[in-house]
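Q: Attaching a single structure in structure tokens format; questions to follow.
2 protein chains.
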Amino acid sequence: MKYGYFDDDNREYVITDPQTPYPWINYLGNEDYFGLISNTSGGYTFYKDAKFRRLTRYRYNNVPVDTGGRYFYINDGGDIWSPGWKPVQRQLDSYECRHGMSYTKITGSVNDLEAETLFFIPGGFHGEIQKVTLRNKSKKVKKVKLFSFLEWCLWNAEDDMNNLQRNYSTGEVEVEDSVIYHKTEYKERRDHYAFYSVNRPINGFDTDRDSFIGLYNGFNNPRNVLNGESSDSIAHGWSPVASHFIEMELQPGEEQSVVFMLGYVEVDKENKWESKGVINKKPARDMISLYDTAEKVDAAFDDLKASWDSLLSSYLVESHDENLNRMVNIWNQYQCMVTFNMSRSASFFETGIGRGMGFRDSNQDLIGFVHQVPERARERILDIAATQFEDGSAYHQYQPLTKRGNDAIGGNFNDDPLWLILSTVSYIKETGDFTILDEMVPFDNDESKAKPHFDHLKASFYHVVNNLGPHGLPLIGRADWNDCLNLNCFSEDPNESFQTTNNKMGKTAESLMIAGLFVLYGKDFVELCKVLGKDEEAAEAQRHIDAMEEAVKKDGWDGEWFLRAYDYYGKKVGSDENEEGKIFIESQGFCTMAEIGKDEGLCEKALDSVKERLDSPYGIVLNNPAFTKYYIEYGEISTYPPGYKENAGIFCHNNPWVMIGETKIGRGDRAFEYYSKIAPAYLEDISELHKMEPYVYCQMIAGKDAYKPGEGKNSWLTGTAAWNYYAVTQYILGVRPEYNGLLIDPCIPTGWKGYKIKRSFRGDTYEITIDNPESLNRGVFSLILDGRKVDGNLIPYAGDGKIHSVQVIMGK
Amino acid sequence: MKYGYFDDDNREYVITDPQTPYPWINYLGNEDYFGLISNTSGGYTFYKDAKFRRLTRYRYNNVPVDTGGRYFYINDGGDIWSPGWKPVQRQLDSYECRHGMSYTKITGSVNDLEAETLFFIPGGFHGEIQKVTLRNKSKKVKKVKLFSFLEWCLWNAEDDMNNLQRNYSTGEVEVEDSVIYHKTEYKERRDHYAFYSVNRPINGFDTDRDSFIGLYNGFNNPRNVLNGESSDSIAHGWSPVASHFIEMELQPGEEQSVVFMLGYVEVDKENKWESKGVINKKPARDMISLYDTAEKVDAAFDDLKASWDSLLSSYLVESHDENLNRMVNIWNQYQCMVTFNMSRSASFFETGIGRGMGFRDSNQDLIGFVHQVPERARERILDIAATQFEDGSAYHQYQPLTKRGNDAIGGNFNDDPLWLILSTVSYIKETGDFTILDEMVPFDNDESKAKPHFDHLKASFYHVVNNLGPHGLPLIGRADWNDCLNLNCFSEDPNESFQTTNNKMGKTAESLMIAGLFVLYGKDFVELCKVLGKDEEAAEAQRHIDAMEEAVKKDGWDGEWFLRAYDYYGKKVGSDENEEGKIFIESQGFCTMAEIGKDEGLCEKALDSVKERLDSPYGIVLNNPAFTKYYIEYGEISTYPPGYKENAGIFCHNNPWVMIGETKIGRGDRAFEYYSKIAPAYLEDISELHKMEPYVYCQMIAGKDAYKPGEGKNSWLTGTAAWNYYAVTQYILGVRPEYNGLLIDPCIPTGWKGYKIKRSFRGDTYEITIDNPESLNRGVFSLILDGRKVDGNLIPYAGDGKIHSVQVIMGK
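Top line first, the protein sequences correspond to chains E and F. Sequential numbering from 23 applies to the first sequence in our numbering. Sequential numbering from 23 applies to the second sequence in our numbering.
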């Protein structure tokens, strides 16, 4: 069952039923100021940090779901409704929510009155525009009472939830003209406030929640909306809110637009006050004046759309498959930009108060957006590298505001360092900018320990070499990519974190996943050294890679697939010898991407085993059989019920590893089959089961052992976005940046006749047509660049800023 | 305006309007298993620790207020309602909530169907009984559909709110017969589960929230209740709930009772499972069988009442003032017991996830309950003392589960140590048990550092002596009792805690409040030494006390009142020289309780200044004038808006210090005036303004500078309970335990003709009649014990376990 449709021309998903199986959300803002908004206008806003600078309050996991947001109420002659259906939930005559690129437009109508609400944040602006347009489609004059509503968060979102004995006394507001100012704690250490304005005179307002809603009423039936009046209340503590009350008269056929703005202002300490106790409102007035008419708002909205035209223009595919086109050209790139902005902090599953930026996460996310914003990718790489330790290891996360590493969620995850090679190499291949390697980058944020960035990559590489276990395989440390496979943490206390408890750290537990990672990105390191002319460095590194490949083949192969690990006791994990968890996806993915034992057929065997044992109608599960009891020697993975999360769930992040592995042995049909099983556009028809948005990836889909296989969870903030984008664009569609140009290496289903790619690359543009006359999976027969044949399958970088035409014929 | 009335005979407050100005709550349970319940049956339950073992989910600061609880729904032929009005909010024909001693009974009726719901936790039992009685008062047969409902918390209340990407996958239940089992995480590290049972066959059940309520419905209109059916749903992740569905037929005039039980079970690791994946239910079945009939429940309820008869029998007053009687005999003692159990952890303002037991809080709370449960008081004192450091200083809090100190909310509060003298002396005077002083008690929980408890008291005393400032007054450290007067923390960052930031620790800032505290409890220390025959110890201590008194008189007196402190720069705080915060309550309270400069008239002057500058119609404010801007050198106190919390709010905790100070100079009218201004029973008529329960104290009432003076906040968990009980019983009513007996020292309003006290004391009982023929405030003219005149005003302890009659005539 579908709840809407894709409008590709407008780059929108259009929701036509407000009662989606779960709130379907969108993100507003792209730089410092952000908002989350659901299809019924629930959600919240923050400045830079969703924990420390939360502007509006939101309650997760509430009943009903998704309670609290930017709400508009209409009282049309006593008939009360909201354009987004919620919170009032009065049946609408029509409803539509358009989630676009950084904007959302929700329109509802009742009794021939239509209300359109447009939400967006102009580029570089610290405020959210809400344009409300009322249209009287009846033949009578309508006198309408419009109420805006939002609830202020008292800045620190965590304290806001918990420290009520303080918070209930601190709320402070001011109201001047049509602007409501939220100045809680401004008197003291905060040099910032928020405001909510509207571009016309108001008939009243409310700032005290209980006055507006009533203690025992809800968002669905605020007392003042029911009564068609406002209290002009000034909040003193308790819960400050902001509501404008506007009476409007609309002639038959008339349309009126009202512009609201929710803004954030920082003020110099010296200029905080207009007069004693009265805040300096000039910065707010300046912001308001920028968008105080519908025309100015429309112009800003056009600018926003134009900026997305530009951001999304680097890689465009034109194929017979509209789901593929919309994923690659629009939604997957869009999701990559959101994960760049949010990391794992704020979604409808991540509350925004717990997690900083992950070392591992952020390096991987980068492969999904480096082509869109290369200069921001460069900054991100250097920020991450600066938190690394001299021995190559890393804090597992760092804070975006301070850019310093911390061990709040542990350290000593031995895969972490290698991801820095992936991100750096991806950046250089995309941009050709080798100067990043010469940047002086601190270790552990200590400037006195700065070294050229290249040395960080070397430290990453040798961190593995210096931490090998009994089989010559990489020690896993606290965990590798799978945070929940905790081989050195034997925990019996339910209040311990598996990520920070560390009571068995030994020198035994080894990871085959890191082994594959090492061979794969080690080769990248070697290639980079060669490009830089560091041949000895390259040769030395190659010897370690060769040794690792041998170790994997000798002690990492279980007969039909790659082992997952050796545990604390030196026992095999992910072996046919095990009763449960016989096979895991991660080592199959990385060892086949690294092509370990490819010539001996190990890759093909391993991938066939994946197909046989891990594949399901909804994607590839993480392990099989699922764990049905707690294994103290494995840790968190075995705490989940079978089929969920790391315990045999379809952890979408790692599915593209297998897709790429399949392309490495040329099996394009299977690679694309895996792609289309989890790419959300393909799941639109089963939205009732999938539950999550059909336009973005989930972290996890319930696996075949689960109660309801195919049910998605934790949409939006997942490394899945970057990895699937990387897999489909570079390895399936096969247009891949290399140091010297674009490699053309499609690995596609045999049924495809061909497709076109438009690729911007370091200022040039390549219009590539790929034909597949022989119904092959893989193989480039000929490549013609601007009318001239090129040997091999690399389009050499021109560097002339021009448009180049490329004709590719697949063949043997 | 009143919302109910006191039923003193039953020791109940009876609420007759469900829409109280704020949820009015009660506590269930007295030992390990607890529940909070509001007058509309909102609230939650936990085992021992409100953070780590939360059984049911609760959302603080929700809209509507108080959402989530133990709900019963009645579908009576399509008419849907709840006995507690909420959550359905259908208008009831009758409503009554009786909050009693550890139980709550809520009764509602609609259309001649009455539903009575009784909630309590039997003594020592780890389960809550819910007895639902339906009475058909109509003349027709009624077919009623009854639904129970609660929502499970996934044990760790903090994680439950925040870690949704995990929690949404972990929920697991089992259902067998009429019992719903919540076994989330039982598979792994939890050796405990919860259950919800009912003592009759059911027609169906639900354990999946969305199945029962519907994603977009609320607690007020669950889909299955509306439809009169259940889904027999089994939760797999998301939000597990428990709902029984029972169809009942009631003849005209018939009454039926149904017994529900919400229980907690711990299981040995070896006996966790009945069979693979099936939990061991025997312990639950055993619990259920104890109370599986209405008769068994009624017997347990009688036992509970009897236990409160006993707990409340130690001190009974009989006076002309029914508010005084009900406060002293029932509600104040009851609140003291709740603060003993909860400290500051779980109320409707304290979320239960943040705070452990306070060193200072717990010592003070003890003076409110030592007469009720002396053996538990003894244990508490020793637990607290064991967290002390060898130099006398203390962790500011410790965890009740581990009993270890931690510095999560700071340390180095220089008042902390002295409170240990107060609690210990109070304990010995109440019990005569000097053996506590010989108990070997560790420092910093290190058994190797154990010393006799007496040495802890000495360390407390000398911690002040060893930490004096430039004026010979006590250094304040991080803060004294007023956590928000932060004289060594100059904070500019809004994300810093004033309690843990410590960037200016100097040797200048001194506290007059600690000076008073030192003199007062120092004298107790000296007296104790003398009783123990440690005369040299006593003399040495007395010299320090004398010096302190001189220092206060020399540098701590501002002319009309006691200074509050010297700040980091050595400037006066709480002086007429200051522009704001000229006078503070704490130093007036403690210096007058300690009688510093009493002979010179300083106490009288100081207390007159309190009357003139700090008193208000709703109590005594903390300071005056209120701070209107942020003083970085004063810290958090100046962050609050004027009139709230520590910034000139009526912080009720310190009002009794002034009451006692007034009794020290014999002004009984004024002492009692202050008492009756904040004692909640006297505020019943202004409940609309006061908002909070009229049967328990608040932490804070808005002061005269506030927007709404008299508005209460943060009821229940406050040191106010202990201090007011101590002040009214020992210093106003004036029956006070001393080492050798009961001192009779009333200090009452002149208008009182007399009153009676019945006091149990170390096994004896004293029936004391006090007559005031000359309309005095103070003074005992004669005291007749069992017919024989006694010199002075001390009733010597008999120790014969008998009832003794005491006749007291006041006079000069």
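Every residue, glycine too, gets a C-beta built ideally from N, C-alpha and C.
Once DSSP output is grouped into helix, strand and coil, what is the label at LEU338 (chain E)?
A: Position 316 of the first sequence, counted from the start, is the residue given in the question as residue 338 (chain E). Here LEU338 (chain E) sits in strand by DSSP.
Q: Going along chain E in order, which residues have a C-beta closer than 8 angstroms to the C-beta of TYR218 (chain F)?
A: Position 196 of the second sequence holds residue 218 (chain F). The premise fails here: TYR218 (chain F) is roughly 18 angstroms from chain E at the closest Cβ pair, so nothing lies under 8 angstroms.
Q: Nearest to THR78 (chain E) by alpha carbon, out of E:LEU172, E:GLY26, E:LYS303, E:TRP107?
A: Position 56 of the first sequence, counted from the first residue, corresponds to residue 78 (chain E). When only C-alpha atoms are compared, the closest one is E:LEU172.
Q: Going by the CB atoms, is the gap between SER170 (chain F) and VAL220 (chain F) shorter than 8 angstroms?
A: Counting from one through the second sequence, the residue named residue 220 (chain F) turns up at place 198. Counting from one through the second sequence, the residue named residue 170 (chain F) turns up at place 148. Yes, the pair counts as a contact, with Cβ atoms nearer than the cut-off.
Q: With a threshold of 8 angstroms between beta carbons, is GLU715 (chain F) in contact with chain E?
A: Start at 1 with the first residue of the second sequence, and residue 715 (chain F) comes out as number 693. It does not; no Cβ of chain E falls within 8 angstroms.
Q: With C-beta atoms as the reference, is ILE403 (chain E) less than 8 angstroms away from TYR449 (chain E)?
A: Position 381 of the first sequence holds residue 403 (chain E). Position 427 of the first sequence holds residue 449 (chain E). In this structure, TYR449 (chain E) lies closer than 8 angstroms to ILE403 (chain E) by Cβ.
Q: What is the residue span of the alpha helix (DSSP H) that TRP503 (chain E) lies within?
A: Along the first sequence, one-based indexing puts residue 503 (chain E) at 481. Taken as a continuous stretch (DSSP letters only), TRP503 (chain E) belongs to no alpha helix (DSSP H), as it is neither H nor E.
Q: According to DSSP, is ALA137 (chain E) part of a helix, a strand, or is it coil?
A: For the purposes of this step, residue 137 (chain E) is taken as residue 115 along the first sequence, with counting starting at 1. Note: ALA137 (chain E) maps to strand in three-state DSSP.
Q: Cβ closer than 8 angstroms: which chain F residues qualify as neighbours of ARG500 (chain E)?
A: Numbered from 1 along the first sequence, position 478 holds the residue referred to as residue 500 (chain E). Residues of chain F passing the Cβ test: none, with the nearest at roughly 17 angstroms.
Q: If you reduce the DSSP assignment to three classes, tell me which class ASP437 (chain F) lands in.
A: Position 415 of the second sequence, counted from the start, is the residue given in the question as residue 437 (chain F). Note: ASP437 (chain F) maps to coil in three-state DSSP.
Q: Who does VAL132 (chain F) pair with in a DSSP beta bridge?
A: On the second sequence, residue 132 (chain F) is found 110 positions in, with the first residue counted as 1. VAL132 (chain F) pairs with F:LEU135.
Q: Using a Cβ cut-off of 8 angstroms (strictly closer), state whether PRO439 (chain F) contacts chain E.
A: Your numbering for residue 439 (chain F) matches position 417 in the second sequence. By this cut-off, PRO439 (chain F) is not an interface position.
Q: Using DSSP with H/G/I as helix, E/B as strand and the rest coil, what is LYS273 (chain F)?
A: In the second sequence, counting from the first residue as 1, residue 273 (chain F) sits at position 251. For the record, residue 273 (chain F) in the displayed sequence is Gln; it is not Lys. Coil.
Q: Using a Cβ-Cβ cutoff of 7 angstroms, what residues of the segment 368-391 of chain F are near chain C? List them in chain order.
A: Absence of chain C from the displayed structure is noted, the protein chains being E and F.
Q: Contact defined as beta carbons within less than 8 angstroms: I believe VAL5 (chain F) pairs with GLU789 (chain F). What is the distance between those atoms, to the nearest angstrom?
A: Past the boundaries of the shown model lies residue 5 (chain F); chain F is included only from 23 to 834, so the question cannot be answered.
Q: Closer than 8 angstroms between beta carbons: that is the criterion. Which residues of the segment 28-49 of chain F meet it against chain E?
A: The residues in question are GLN41, PRO43, TYR44.
Q: Below 8 angstroms CB to CB, which residues in the same chain sit around ARG689 (chain E) once its five sequence neighbours on both sides are set aside?
A: If you number the first sequence from 1, residue 689 (chain E) lands on position 667. Cβ neighbours of ARG689 (chain E) beyond the five flanking positions: LEU629, CYS769, ASN799.
Q: Indicate whether the contact test is met: 3 or more Cβ pairs, each with one atom in the segment 510-525 of chain E and one in the segment 592-611 of chain E, closer than 8 angstroms.
A: No, the segment 510-525 of chain E is not in contact with the segment 592-611 of chain E.
Q: If I measure Cβ to Cβ from TYR697 (chain E) and keep anything under 6 angstroms in the same chain, skipping five residues before and after, which residues do I get?
A: The count along the first sequence starts at 1 and reaches residue 697 (chain E) at position 675. Only MET681, VAL750 meet the Cβ criterion.
Q: Are the beta-carbon atoms of GLU269 (chain E) and LYS164 (chain E) separated by less than 8 angstroms?
A: As a first step, residue 269 (chain E) is located in the first sequence; it is residue number 247 there, counting from the start. As a first step, residue 164 (chain E) is located in the first sequence; it is residue number 142 there, counting from the start. Against a cut-off of 8 angstroms, the Cβ pair of LYS164 (chain E) and GLU269 (chain E) comes out as no contact.
Q: Hey, how far is the Cα of LYS667 (chain E) from the Cα of GLU684 (chain E)?
A: One-based indexing of the first sequence puts residue 667 (chain E) at position 645. One-based indexing of the first sequence puts residue 684 (chain E) at position 662. If you take the alpha carbons of LYS667 (chain E) and GLU684 (chain E), they lie about 24 angstroms apart.
Q: Would THR424 (chain E) count as contacting chain F if we go by Cβ distances under 8 angstroms?
A: For this step, residue 424 (chain E) is matched to residue 402 along the first sequence. Closer than 8 angstroms: no.
Q: By a C-beta neighbour count over all protein chains shown, 10 Å radius and 16 as the cutoff for buried, is ASP429 (chain E) buried or exposed?
A: In the first sequence, residue 429 (chain E) corresponds to position 407, counting from 1. Exposed is the call here.
Q: Between the Cα of ASP580 (chain E) and those of E:GLU658, E:GLY376, E:LEU534, E:GLY433, spot the shortest distance and give me the residue it belongs to.
A: Taking the first sequence and counting its residues from 1, the one referred to as residue 580 (chain E) is at position 558. Of the candidates E:GLU658, E:GLY376, E:LEU534, E:GLY433, the one whose C-alpha sits nearest the C-alpha of ASP580 (chain E) is E:LEU534.
Q: Looking only at its chain, what residues have a beta carbon closer than 7 angstroms to the beta carbon of ASN239 (chain E), apart from the 5 residues adjacent to it on each side?
A: Looking up residue 239 (chain E) in the first sequence gives position 217. Correct list, in chain order: ARG245.
Q: Given that THR361 (chain F) touches chain E, what residues does it touch there, using C-beta distances under 8 angstroms?
A: The residue given as residue 361 (chain F) occupies position 339 in the second sequence. Neighbours of THR361 (chain F) on chain E: none; closest Cβ ~14 angstroms, over 8 angstroms.
Q: Could you have a look at MET535 (chain F) and say whether DSSP puts it in helix, strand or coil?
A: Against the second sequence, residue 535 (chain F) aligns to sequence position 513. Helix at MET535 (chain F).
Q: Determine the DSSP secondary structure at MET681 (chain E), reduced to helix, strand or coil.
A: Counting from one through the first sequence, the residue named residue 681 (chain E) turns up at place 659. MET681 (chain E) falls in the helix class under three-state DSSP.
Q: Cutting at 7 angstroms between CB atoms, please list the residues of its own chain near PHE694 (chain F), excluding the five before and the five after it.
A: Residue numbering aside, residue 694 (chain F) sits at position 672 when the second sequence is read from its first letter. For PHE694 (chain F), where only same-chain residues beyond five positions count, the Cβ hits under 7 angstroms are ILE754, ILE770, PRO771.
Q: Roughly how many angstroms lie between the CA atoms of LEU636 (chain E) and GLN610 (chain E), to the nearest whole one?
A: As a working mapping, residue 636 (chain E) is identified with position 614 in the first sequence. As a working mapping, residue 610 (chain E) is identified with position 588 in the first sequence. Roughly 11 angstroms separates the two Cα atoms.
Q: So what's HIS148 (chain E) in DSSP terms, helix, strand or just coil?
A: Looking up residue 148 (chain E) in the first sequence gives position 126. HIS148 (chain E): coil per DSSP, three-state reduction.
Q: Using a Cβ cut-off of 8 angstroms, pull out every chain E residue sitting near GLN187 (chain F), in sequence order please.
A: On the second sequence, residue 187 (chain F) is found 165 positions in, with the first residue counted as 1. By Cβ distance, chain E contributes PHE371, GLU372, GLN721, LYS735, ASN736.
Q: Do you know how far the Cα of ALA743 (chain E) is from the Cα of THR361 (chain E)?
A: Within the first sequence, residue 361 (chain E) is the residue found at index 339, counting from 1. Within the first sequence, residue 743 (chain E) is the residue found at index 721, counting from 1. Taking the straight line joining both Cα atoms gives about 8 angstroms.
Q: Under 8 angstroms, with one C-beta from each stretch per pair, do the segment 136-148 of chain F and the segment 253-272 of chain F reach the 3-pair mark?
A: Contact fails: fewer than three Cβ-Cβ distances are below 8 angstroms.
Q: For the segment 110-129 of chain F against the segment 34-52 of chain F, do three or more pairs of beta-carbon atoms, one drawn from each stretch, fall closer than 8 angstroms, so that the two count as touching?
A: Touching, yes, given that three or more Cβ pairs across the two stretches are closer than 8 angstroms.
Q: Should PHE227 (chain F) and VAL154 (chain F) be called a contact, given that it needs their Cβ atoms to be closer than 8 angstroms?
A: Residue numbering aside, residue 227 (chain F) sits at position 205 when the second sequence is read from its first letter. Residue numbering aside, residue 154 (chain F) sits at position 132 when the second sequence is read from its first letter. It is not a contact, given that the beta carbons lie outside the stated cut-off.
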